[in-house]
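Encoded as structure tokens, the structure appears first; notes follow it.
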Amino acid sequence: MPIFQEKARILKNQRVAQGVWEMRLQAPQIASAAYPGQFAMFRVRDELSPLLRRPFSFSRLNTADGTFDILYKVVGQGTRIMSALSAGDYLDILGPLGRGFRLPPKHAREIWFLAGGIGIAPFFGLLDMLRQHEIGFNITLFYGAATGEELVRCEFFEQNNCTVNICTDDGTCGFHGFITDSVERTCTLTSVPDYFYSCGPHPMQQRVMEWAKCNNLQGQMSMETMMACGVGVCLGCSISKNFFAGEQKIETGYLRVCREGPVFTIGDRT
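For the sequence shown, the numbering used here begins at 552 and goes up steadily by one.
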């Protein structure tokens, strides 16, 4: 798949939740080649500091007008610089990169989305992709955040006929606890899903992995990790194959999240 480097024009850059911003950019080559679950590497300004590019997953893609959206949380120097940019500014972007989401198997009728924090970002585009294929299924979203003020655009999923289960660490909105607690609790009350998609911080994904293996589930997991190059050279984003090996931990070697991922298939029975 081709990788492009473009000077992307910012069309909007606005705060959408506590500490969370949404940016829309015009980059026709990248937008036309990308699909949900992939990411791009952003150079936040034309100076030596910060030196490295920052990775951001695509939120929504619009190939017709050559634009895409990203969601980002302001946590350090790079994202603080980004939050100060305005419509009409430009960013140097490299992408699309990595492996994105694939369609679920044909038998899947009950599909769960598991999103932790800023891990909600790729699910907007994923939902668009699934709806475009007009496959008959029900989607349930489990969406967790530290507090209710950090939740982003829940109404988008409700308006698209998803069942939405909100979880917050402090109990200010929805279920009081971690998303994985809500998922496991729901599994004991109802049936398990036919298929799942998951994106969130590493501790959440570890519990999701345990839950999936315990229930013999199929799905796709998008892994979050720090990246330096984004193209598989520096190996800084590598994770052990043991993460996906289950309790026996017999796998050896590593997987590069930026190349073999960021989306990994779990429990593939094909």
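For each residue, glycine too, the CB sits at the ideal point set by N, CA and C.
Fair warning: this is a prediction, and the values are worked out from it, not measured in the lab.
The beta-carbon distance between Cys809 and Gly783, rounded to whole angstroms, is 6 Å. This is short enough to meet the 8 Å contact definition. In this structure, Thr816 is the residue among Thr816, Cys785 and Ala779 with its C-alpha nearest to the C-alpha of Lys792. Beta-bridge partners assigned by DSSP to Lys563: Arg575. DSSP places Leu768 in the coil class of the three-state scheme, outside both helix and strand. For Met552, there is no enclosing beta strand (DSSP E), as DSSP marks it with neither H nor E. Restricting attention to beta strand (DSSP E) runs no shorter than 3 residues, the region 711-786 encloses them at 714-719, 746-751 and 770-774, ordered along the chain.
In this structure the region 573-592 lies against the region 604-624, because at least three pairs of beta carbons, one per stretch, are closer than 8 Å. Taking all protein chains shown into account, Arg566 has fewer than 16 neighbouring C-beta atoms within 10 Å of its C-beta and is therefore exposed. In this structure, DSSP gives Glu685 a state outside helix and strand, which the three-state scheme calls coil.
A contact is defined here as three or more CB-CB pairs under 8 Å, and the region 626-637 fails this definition with respect to the region 651-667.
Apart from the 5 residues on each side of it in sequence, Ala559 sits with its Cβ closer than 7 Å to the Cβ of Leu576, Gln577, Ala578, Tyr641, Leu642 and Ile644 in its chain, given in chain order.
Sixteen is the threshold: since fewer than 16 other Cβ atoms of the shown chains lie within 10 Å of the Cβ of Thr739, the residue is exposed.
Across the set Asp732, Pro754 and Ile690, the C-alpha of Ile690 shows the shortest separation from the C-alpha of Thr714.
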